[in-house]
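All remarks here apply to the structure that follows.
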Amino acid sequence: MCVGIFSFTIILVTGVAWFGVPVKGSLPLLMVLNFLFLLTVLAIGIVISTISSTQLQAMQASFAIILPSVLLSGFIFPRETMPWVIRLLSSVIPLTYILDILRGIFLKAIGIAELWQDTLALSAFTAVLCAIAIVRFRKNWSSGNFQ
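Residue numbering for the sequence shown follows my numbering, starting at -18 and increasing by one per position.
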């Protein structure tokens, strides 16, 4: 978590200081919602690590999640131009919601009143993935599957 917060802070400072990208919205809100996204990503990592039996499997599972996430979240291609089936699929990708949040805070200066749906979706992902991670971790711990 510390590495993620540090990386986000370095990227934020670089974007503002070096590239001149203004943060038009609330910086504290940005930090809180970024923390929520980091929890989601860490939960995904824990779920992957509890499912995988080797490091290679974990790396392959990570790539199998990361690549479609980047392609379908709206990071590379606008979601509005995607077919409705792909847009529906992109709604189960947490990166989709943090990108909307980042664009809203950075570019449009919108607050939580406008971002509540994205925040709620990200919170739901975090809760579900953390619950799955805890259950899987406890199951592996009690059965002695850790080596």
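Backbone N, C-alpha and C define an ideal beta-carbon position, used for all residues, glycine too.
Tell me which same chain residues have a C-beta within less than 7 Å of the C-beta of residue i, skipping the five on either side of it?
i	result
THR107	LEU17, LEU20, THR21 and ALA24
ILE93	LEU10 and THR100
LEU80	SER54, GLY55 and PHE56
ILE29	ALA39, ALA42 and SER43
ARG68	ARG60
Looking only at its chain, what residues have a beta carbon closer than 6 Å to the beta carbon of residue i, apart from the 5 residues adjacent to it on each side?
i	result
LEU96	ILE82 and GLY85
Just to check my reading of the structure: residue i and residue j have Cβ atoms closer than 8 Å, yes? What is that Cβ distance to the nearest angstrom?
i	j	result
SER33	ALA42	6 Å
ILE27	ALA114	4 Å
PHE(-11)	ASN15	5 Å
Using a Cβ-Cβ cut-off of 8 Å (strictly less than) and excluding sequence neighbours within five positions of residue i, which residues of its own chain qualify?
i	result
SER71	LEU53, SER54, GLY55, ARG60, MET63 and THR77
(message) Could you check whether the region 4 to 22 touches the region 75 to 95, counting it as contact only if at least three pairs of C-beta atoms, one from each stretch, sit closer than 8 Å?
(response) In this structure the region 4 to 22 lies against the region 75 to 95, because at least three pairs of beta carbons, one per stretch, are closer than 8 Å.
(request) For the region 4 to 40, list the alpha helix (DSSP H) runs that are entirely contained and at least 4 residues long, ordered along the chain. (result) Correct list: 8 to 32.
(request) Determine, using beta-carbon pairs with one atom in the region 97 to 113 and one in the region 68 to 82, whether at least three such pairs fall under 8 Å. (result) Flag = yes, the region 97 to 113 and the region 68 to 82 touch.
(request) Just list the alpha helix (DSSP H) runs in the region 82 to 125, keeping only unbroken ones of 4 residues or longer that don't cross its boundaries, in chain order. (result) Within the region 82 to 125, the complete alpha helix (DSSP H) segments at least 4 residues long are 93 to 124, listed from N- to C-terminus.
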